[in-house]
Structures are given as structure tokens and as C-alpha cells.
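Data first, discussion second: the structure below is written as C-alpha cells.
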Amino acid sequence: MTPHQMETEALDLMLQGFHCSQAILTVGLKKLNVNDSEALVRSVAALGGGIASTGGPCGPLTGGIVCIGRAFGKTAPEEKDHPLMWRACTAFYRRFEAEVSGPELTVACRDIAGVDWRDRDQVQAFRGREGCTPCARLTGKAAAILGEILEKYAR
């Protein structure tokens, strides 16, 4: 799966109903050829809306970091993390900040999406196709960045 294919599929998955964090993780796991992804994709659902709809860190950022962690993280306490995990996460974070966050370099969902997740009217407006589409595009852009990062570090 190419970064461009990841971008397109992440956008489509979000428009079909996935949260942004789930969309980017799904395509990232496909890129990594991970087949046992159902539980992991389900577990990041609450990262949407900036972690539990608080407007905090953007879901594509946190979902992408989870994907990189899946590629490089340890599975037992006595193990050491793969050193590329930190490099890949930092590279993804910096590119997300520069290319997705906008001129203010914020990673907060409330600022990127322009939604106060505590305001029911704003949330309903966002969930309509017109509100969700800009976030879906940004999720796609973040997925393409993730694809490039994975190509560089997870060979």
C-alpha cells in the first residue's frame, strides 16, 4: 500500500463512519501487513475528538503514533524498545505539526477541527458530511505522512 493509497483509504474510512484515529491506524496496519488488527482498531475509537471528545491531541496524530508503536514497541517489560520507534514517532509528530496542524502548529483537535466537542450543536454540524470532510482530508494527509515514515523506518 503506497502513501497515496493510504491517504485515499483513510479519507474514505472516515467518511464511512470510522473515527479519525481508527482510519489512520487501519491503513497503517495494512501497510505493516498486520492481520490481527480488529482489537487494536477498536481500542483507539475513543481517541477521536481529541481523546474522548475533549478536544485534546488530534486523533490522526495519536492513531499514527499507536501504529508506529505497534511496529517497534516492546511486548514484555524486560525488553528494550527498538530505537527506531522514537525516531519514527518524532519524525511523524514533526511532519504532522508542519503539514497538518496549520500555521499555529497546534496538535489539539479543537483547534484543527474547529469544534467545541462539548457543544452539541457544533458536534451535530460537524457530523454532517460537510463538517467531517475537512477532517477526513487531514486524516488522509496524515495517513500519507505515516506511510512515508513507515517506508523509511519499518523496512
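For the sequence shown, the positions run 59 to 213 when the numbering used here is used.
Cβ coordinates follow ideal geometry from the N, Cα and C atoms, glycine included.
- Here P161 is exposed: its Cβ has fewer than 16 other Cβ atoms, across all protein chains shown, within 10 Å.
- The shortest C-alpha to C-alpha distance from H140 to any of R128, A149, Y151, K89 is the one to R128.
- Non-local C-beta neighbours of A110 in its own chain, meaning closer than 8 Å and more than five positions away in sequence, comprise A104, ordered along the chain.
- The beta-carbon separation of C116 and V165, rounded to 5 Å, stays under the 8 Å limit for a contact.
- Judged by DSSP secondary structure, C125 falls within the alpha helix (DSSP H) whose first and last residues are 117-130.
- Following the DSSP letters along the chain, one finds R185 inside the alpha helix (DSSP H) bounded by residues 178-185.
- Boundaries of the alpha helix (DSSP H) harbouring L87: 78-89, taken from the DSSP string.
- Between V85 and M64 a beta carbon distance of about 4 Å is seen, short of the 8 Å cut, so the two are scored as contacting.
- The three-state reading of DSSP puts A171 in helix, counting H, G and I together.
- Contact between W175 and R168 holds: their C-beta atoms lie close to 7 Å from each other, under 8 Å.
- For the pair L98 and G121, the Cα-to-Cα distance works out to about 10 Å.
- The shortest CA-to-CA distance from G108 to any of E188, I170, G205, C190 is the one to I170.
- Each of A81, I123, V102 was checked against the Cα of T66, and the nearest Cα belongs to A81.
- Counted as a single uninterrupted DSSP element, the alpha helix (DSSP H) harbouring H62 occupies residues 61-74.
- The C-alpha of G172 is placed about 28 Å away from the C-alpha of A146.
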